[in-house]
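The block underneath contains the structure these notes are about, expressed in structure tokens.
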Amino acid sequence: MEDYSELIKRCKDKEEEAIIKGIAMGAVILSRMGPIYIKGSVKTFQDLALQFSPRLTSITTISDFDSFHESFVKAVQSHIKRKDAKHLSYGEAQKSINVFLKNYVDRSSLPDGATAKKVRPFLHVPLDSVMIRYFRKNYPQGYEKYILPEHRRINKQLKANNPKSIKIPDRVLSELQYIFQEVYLAWQNWFREIFPEKPVLLDTIWSLERGTD
């Protein structure tokens, strides 16, 4: 089993620095959404956030939060498209939601302090190429335990559906546009194992590692 103590210490030590770097919520969300969303998507996302954020007050368990999150993702998939007019994958849709919830709940303690305290340990870690590369490279045992089984399952299912299909490489299945819900949840289960008290703390890595490759 890999030792995550140095990772957690690094995230705790650098959390304030990461907050300062990303203090402008709108800019942070836009930077994490990337250039793939169709024009007008920010307003649409804001409307969805206003619709979903009041529901946080009724969340009491991880299961409650995960159900809320799934509904939020599917709403984004239904209302926002890519610039190429294609529907967003689960991996693409989750990113803006998780960045919003991190800023709204964890950093701003909204919709109220009691709700934020209750929901904070349930928050998902925003998943993107920076996070995927970092954890795949630095924690291969965890990657083997949580992520690769899902990639193998996908290839097995594709082969069953079409015997002539070729194996999809791990690096391709790690791109957000190809990340299905099951793979995404495997990542969140891994993050929750690493630091169950507050998994979203691990997003500090994004600020520290961005642009280092």
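Per the numbering used here, the sequence shown starts with residue 2, numbered consecutively. Note that CB positions come from ideal geometry on N, CA and C, so glycine has one too.
Serine 110 versus threonine 116: straight-line alpha-carbon distance, rounded: The sequence position of residue 110 within the sequence shown is 109, counting from 1. The sequence position of residue 116 within the sequence shown is 115, counting from 1. Each residue's alpha carbon lies about 8 Å from the other.
Between glutamate 210 and valine 131, which are expected to be in contact by the criterion C-beta below 8 Å, what is the C-beta distance as a whole number of angstroms? For the purposes of this step, residue 210 is taken as the residue at position 209 of the sequence shown. For the purposes of this step, residue 131 is taken as the residue at position 130 of the sequence shown. Contact flag correct, Cβ pair sits at about 5 Å.
Valine 74 classed as buried or exposed, judged by whether at least 16 other C-beta atoms fall within 10 angstroms: Taking the sequence shown and counting its residues from 1, the one referred to as residue 74 is at position 73. Buried, because 16 or more other Cβ atoms sit within 10 Å of the Cβ of valine 74.
Measure the alpha-carbon distance for glutamate 204 versus lysine 157 and round it to whole angstroms. For the purposes of this step, residue 204 is taken as the residue at position 203 of the sequence shown. For the purposes of this step, residue 157 is taken as the residue at position 156 of the sequence shown. Sequence check: residue 204 is aspartate here, not glutamate. Taking the straight line joining both Cα atoms gives about 31 Å.
Glutamine 178 and serine 79 closer than 8 Å at C-beta: Here residue 178 is taken as the residue at index 177 of the sequence shown, counted from 1. Here residue 79 is taken as the residue at index 78 of the sequence shown, counted from 1. No, they are not a contact pair.
Flag this pair as yes or no: are the beta carbons of lysine 84 and isoleucine 37 separated by less than 8 Å? Mapped onto the sequence shown, residue 84 falls at position 83. Mapped onto the sequence shown, residue 37 falls at position 36. Their beta carbons are under 8 Å apart, which means lysine 84 touches isoleucine 37 by this criterion.
Could you tell me the distance, in whole angstroms, from the CA atom of glutamine 52 to the CA atom of isoleucine 39? Along the sequence shown, one-based indexing puts residue 52 at 51. Along the sequence shown, one-based indexing puts residue 39 at 38. Between glutamine 52 and isoleucine 39, the C-alpha separation is close to 20 Å.
Check arginine 83 in the structure and name its three-state DSSP category. The residue given as residue 83 occupies position 82 in the sequence shown. It is a strand residue.
Near lysine 168, what residues of its chain come up, given a Cβ to Cβ distance below 6 Å and the 5 sequence neighbours on each side ignored? For the purposes of this step, residue 168 is identified with residue 167 of the sequence shown, where counting begins at 1. Same-chain partners within the cutoff: Asn156.
Just to confirm before moving on: does the CB-CB distance between histidine 88 and glutamine 189 stay below 8 Å? Locating residue 88 in the sequence shown gives position 87, counting from the first residue. Locating residue 189 in the sequence shown gives position 188, counting from the first residue. Cβ distance not < 8 Å, so histidine 88 and glutamine 189 don't count as in contact.
What residue does the alpha helix (DSSP H) around glutamine 178 start on, and which one ends it? Counting from 1 along the sequence shown, the entry for residue 178 is found at position 177. Looking at the DSSP string, glutamine 178 is not in any alpha helix (DSSP H), and its letter there is neither H nor E.
Would you list the one or two residues that DSSP bridges to tyrosine 38? Numbered from 1 along the sequence shown, position 37 holds the residue referred to as residue 38. Bridge partners of tyrosine 38: Arg83.
Could you compute how far the alpha carbon of aspartate 129 sits from the alpha carbon of lysine 96? Looking up residue 129 in the sequence shown gives position 128. Looking up residue 96 in the sequence shown gives position 95. Rounded to whole angstroms, aspartate 129 to lysine 96 spans 7 Å at the Cα level.
Considering only the alpha carbon of each residue, which of Arg11, Ile98, Glu3 lies closest to aspartate 48? Counting from 1 along the sequence shown, the entry for residue 48 is found at position 47. Comparing Cα positions, the closest option is Ile98.
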